[in-house]
Amino acid sequence: MSDSLEKGNEADESTGRIRQLVSDHGVWVTAVLTVVVFAALFVLADAEKVIAAFSEFELWAFGAVVLLTTIGYGFRFAKWEFYLRELDVHVPLKTSLTVFFSGLMMVVTPGKAGEVWKAWLLRDEAGVPASRTTSVVGAERITDLLSLSLLAALGVVAYGRSPAVLVAVAVVFALGIGLLQWRAGCLRLLSWIGSLPVIGDYAEGLETLYESTYRLFRLRPLSVATLLGIVAWGLEGVALWLTLRGFGIETSLLVGLFVFALGSVVGAVSMLPGGLGAAEASMTGVLLTFGIAEPIAVGATMVIRVGTLWYAAILGFVVFSAHKLFTGSSAEA
Numbered sequence: 001m002s003d004s005l006e007k008g009n010e011a012d013e014s015t016g017r018i019r020q021l022v023s024d025h026g027v028w029v030t031a032v033l034t035v036v037v038f039a040a041l042f043v044l045a046d047a048e049k050v051i052a053a054f055s056e057f058e059l060w061a062f063g064a065v066v067l068l069t070t071i072g073y074g075f076r077f078a079k080w081e082f083y084l085r086e087l088d089v090h091v092p093l094k095t096s097l098t099v100f101f102s103g104l105m106m107v108v109t110p111g112k113a114g115e116v117w118k119a120w121l122l123r124d125e126a127g128v129p130a131s132r133t134t135s136v137v138g139a140e141r142i143t144d145l146l147s148l149s150l151l152a153a154l155g156v157v158a159y160g161r162s163p164a165v166l167v168a169v170a171v172v173f174a175l176g177i178g179l180l181q182w183r184a185g186c187l188r189l190l191s192w193i194g195s196l197p198v199i200g201d202y203a204e205g206l207e208t209l210y211e212s213t214y215r216l217f218r219l220r221p222l223s224v225a226t227l228l229g230i231v232a233w234g235l236e237g238v239a240l241w242l243t244l245r246g247f248g249i250e251t252s253l254l255v256g257l258f259v260f261a262l263g264s265v266v267g268a269v270s271m272l273p274g275g276l277g278a279a280e281a282s283m284t285g286v287l288l289t290f291g292i293a294e295p296i297a298v299g300a301t302m303v304i305r306v307g308t309l310w311y312a313a314i315l316g317f318v319v320f321s322a323h324k325l326f327t328g329s330s331a332e333a
């Protein structure tokens, strides 16, 4: 028993160091990378022309981006709550909201992997074992990618673009889900792991994690979560379409949905912090293929990234800071 407690304390300390590292360095590293990426876009598209494009940009469009993104977070929170209830985890609504929105700080980590911190924050705030809810964060990220891929697929079909990236994502996704749903095989593997030295000490926690993951990727929860994700991310695609209108560009709504979704998928699979560089290059490049002038393509990409990626990080920081201020929470960001 004492060994288990000691291992739990070591895990808590390790997690705390990871959280502190992201808090102290992750945001700043991503901020610097953002400046570098934006500066490169400015130079490549001719800075003077980009500035001229921004001078014509209508600010109502940025307000629309923030509004639609915020509404999208409502649908993503609904998915978070749905997943918790699928695992029979019931916490006060205020606590759930605080944990979910605080987790937005971690969008600046590679593949948003830092959002797993929500499982530990939920443990600190409501006493729910992290091994029960870590799977929720993983399921969120995977169904987000699935939702974005489905949105991007609409553009691939409509505009005859290369489906290479989406096909690769689909194959990996199908294989992964198939393996997760092969319960007998996975349990045998976990049983074997339990017999190994050192790692076998964590077999019980791994089994709890697997059982939660298995439940979340059954057909019903997978379908509901994917549908909520399509709505949430679709709103951000609409935001890109309105951003283009703010620059005076009249184009179809499908263009906004396709460009945003494909760029987000590319950014996610790149595993770069916040998808920086990969997402911007993809969005700008695809916009150019639709005949949109380079300065406007760059400007629209910059607006949508600030209104989604950095808005999320700032919102998460504000929510968590307010939580600590008003509750005196000892949890570390």
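Residue numbers (UniProt numbering): 1 to 333. From the three backbone atoms N, C-alpha and C, an ideal C-beta is built for every residue, glycine too.
- With a contact defined as Cβ atoms closer than 8 Å, Lys-79 and Gly-229 qualify at about 7 Å.
- Fewer than three pairs of CB atoms, one per stretch, sit closer than 8 Å, so the region 93–105 makes no contact with the region 256–270.
- Pro-273 sits in a strand when the DSSP states are folded into three classes.
- If you check the CB distance, Val-137 and Ala-119 come in under 8 Å.
- Cβ-Cβ distances below 7 Å link Val-156 to Pro-163, Leu-166 in the same chain, with the five nearest sequence neighbours on each side left out; the list follows chain order.
- In this structure, Ala-225 places its C-beta atom within 8 Å of the C-beta atom of Phe-82.
- Thr-327 and Gly-103 have their C-alpha atoms roughly 17 Å apart.
- Of Val-37, Ala-174, Met-105, Glu-280, the smallest CA-CA separation from Tyr-311 is found for Met-105.
- With a contact defined as Cβ atoms closer than 8 Å, Val-231 and Gly-256 miss out at about 15 Å.
- Rounded to whole angstroms, the separation of the alpha carbons of Gly-246 and Leu-59 is 7 Å.
- Cβ-Cβ separation between Glu-280 and Val-37: approximately 5 Å, consistent with a contact (criterion under 8 Å).
- The DSSP-derived three-state label of Ile-296 is helix.
- Here Leu-240 is near Ile-304, since their CB atoms are less than 8 Å apart.
- Rounded to the nearest whole angstrom, the C-alpha separation of Leu-309 and Phe-320 is 17 Å.
- Thr-109 sits in coil when the DSSP states are folded into three classes, being neither helix nor strand.
- Cβ neighbours of Thr-213 within its own chain (closer than 8 Å, five residues either side excluded): Ser-135, Gly-138, Ala-139, Leu-180.
- In the structure shown, Ser-252 falls within a coil segment according to DSSP collapsed to helix, strand and coil.
- Residues of the same chain with a CB within less than 7 Å of the CB of Leu-148, apart from the 5 flanking positions on each side, are Trp-233, Ala-261, Ser-264, Val-265 in chain order.
- Its Cα nearest to that of Ala-322, the residue Phe-101 stands out among Phe-101, Phe-75, Leu-93, Glu-56.
- In this structure, Val-50 sits near Val-298, with a CB-CB distance shorter than 8 Å.
- With 16 or more other CB atoms across the displayed protein chains lying within 10 angstroms of its CB, Ser-282 is buried.
- Thr-301 is classed as buried because its beta carbon has at least 16 other beta carbons within 10 Å across all chains shown.
- Secondary structure of His-90 (DSSP, three-state): coil.
- Between Val-128 and Val-91, the CB-CB gap stays under 8 Å.
- By a beta-carbon distance limit of 8 Å, Thr-69 contacts Gly-307. Their separation comes to about 6 Å.
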